[in-house]
Amino acid sequence: MEIKQLREQGYTLLSQLFEQPSDNLVDTIKSTPYKEYWQRIEEIYGISIPHSWQAENLPQLSQLLQMWAVTMGPVKPLAEPIESLYKQWTIDPSCEMTFARQKGWLRGDWACHMEEILKDLGFEVPQQFNHCPDHIILIFELMGAMVENAPYEVQHQFASQHLDWLDDLIETAIERKAPTEYVELYKLCKDFVEADKLYLAKQQNKIQ
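In terms of full-length UniProt numbering, the sequence shown has 90 at position 90, counting the first letter as 1, and numbering is strictly consecutive.
So this is what it looks like as structure tokens:
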């Protein structure tokens, strides 16, 4: 499998790991292609799949569902992976709303930007993400599509703009004592994104 396919598959696979756990997800994690994929990524990017997300260590589905709900479910989640929550709500200097310079609010500038990009590309924001078009699932899905179709420079710019908040996500998850499994997943995402940005930067330098 060439690097382009590996990168696209990586973003798609990471987005799937954020979905509400299901039998299908468990089957994917326990499959041979899943294991082989992460072995290949370790060879190329030096990133290992976390211990808790390896097939032999995966919790029971009922436990995983509970961990997911506590971390990013609909009722008082500890550390939702939504970009706007970890960034200043707007950078518009003319905005006079009391929370304009605060973090922790949905549908900030970055959500609006994601929504615009998706619509420009002909994608409709799924109903469950209407309040958060900057959810990491959609960001990763879009990044995967860009791997296939966009120049390296555009990919790098998008990742730099919309995936620069993962340190804050990890810090929040740790501070609020989110389940270790999801803290490790957040760390995996950060490592993958940073390694991929480095790859993209190298490819841009080759072109120049």
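C-beta: ideal position from N, C-alpha, C; glycine also. Note that the structure is predicted; figures quoted are calculated from it, not measured.
Among the options, whose alpha-carbon lies nearest the alpha-carbon of residue i?
i: arginine 40; options: Gln5, Leu17, Met114, Ala201; result: Gln5
i: aspartate 134; options: Asp109, Ala201, Ile170; result: Asp109
i: glutamate 8; options: Asn149, Leu64, Arg176, Gly104; result: Asn149
i: aspartate 167; options: Ser62, Phe18, Tyr86, Ile139; result: Tyr86
i: cysteine 189; options: Ile47, Asp23, Asp27; result: Ile47
i: tyrosine 45; options: Thr71, Tyr37, His51; result: Tyr37
i: leucine 61; options: Gly144, Pro21, Ile207, Lys177; result: Pro21
i: alanine 79; options: Glu153, Glu184, Val193; result: Glu184
i: arginine 145; options: Glu2, Ile3, Tyr11; result: Before going further, note that residue 145 is alanine rather than arginine in the sequence given. Closest by alpha carbon: Tyr11.
i: alanine 159; options: Leu138, Glu175, Glu171; result: Leu138
i: histidine 51; options: His162, Lys206, Tyr182; result: Tyr182
i: lysine 177; options: Ile3, Gln16, Leu14, Met72; result: Met72
i: isoleucine 29; options: Glu43, Leu14, Gln54, Glu42; result: Gln54
i: leucine 118; options: Trp105, Leu106, Arg101, Met143; result: Met143
i: glutamine 157; options: Ile91, Asn57, Leu169, Glu194; result: Glu194
i: isoleucine 186; options: Tyr199, Gln63, Leu169; result: For clarity, residue 186 is tyrosine in the given sequence; the question names isoleucine instead. Out of Tyr199, Gln63, Leu169, Leu169 has the C-alpha closest to the C-alpha of tyrosine 186.
i: isoleucine 3; options: Val147, Ile91, Thr90; result: Val147
i: glutamine 203; options: Leu163, His162, Glu153; result: Glu153
In whole angstroms, give me the CA-to-CA distance for residue i and residue j.
i: alanine 69; j: proline 77; result: 7 Å
i: glutamate 83; j: asparagine 24; result: 27 Å
i: glutamate 115; j: tryptophan 165; result: 18 Å
i: valine 26; j: glutamine 127; result: 25 Å
i: glutamate 171; j: proline 179; result: 13 Å
i: proline 93; j: phenylalanine 18; result: 34 Å
i: proline 74; j: asparagine 205; result: 43 Å
i: methionine 67; j: tryptophan 105; result: 23 Å
i: proline 151; j: leucine 13; result: 21 Å
i: proline 59; j: phenylalanine 192; result: 23 Å
i: alanine 111; j: glutamate 56; result: 37 Å
i: arginine 101; j: lysine 35; result: 43 Å
i: lysine 103; j: glutamine 161; result: 16 Å
i: proline 33; j: isoleucine 49; result: 13 Å
i: glutamate 124; j: glutamine 63; result: 32 Å
i: glutamine 16; j: phenylalanine 129; result: 15 Å
i: leucine 65; j: arginine 107; result: 26 Å
Taking the beta carbon of residue i as the centre, do at least 16 other beta carbons fall within 10 Å, making it buried, or is it exposed?
i: histidine 131; result: exposed
i: aspartate 120; result: exposed
i: alanine 173; result: buried
i: aspartate 196; result: buried
i: alanine 201; result: exposed
i: serine 31; result: exposed
i: glutamine 155; result: buried
i: glutamate 43; result: exposed
i: isoleucine 136; result: buried
i: proline 81; result: buried
i: isoleucine 141; result: First, the amino acid is wrong: residue 141 is glutamate here, not isoleucine. So glutamate 141 counts as buried.
i: isoleucine 91; result: exposed
i: leucine 163; result: buried
i: leucine 198; result: exposed
Per the DSSP calculation, residue i is bridged to which residue(s)?
i: histidine 135; result: Ile82
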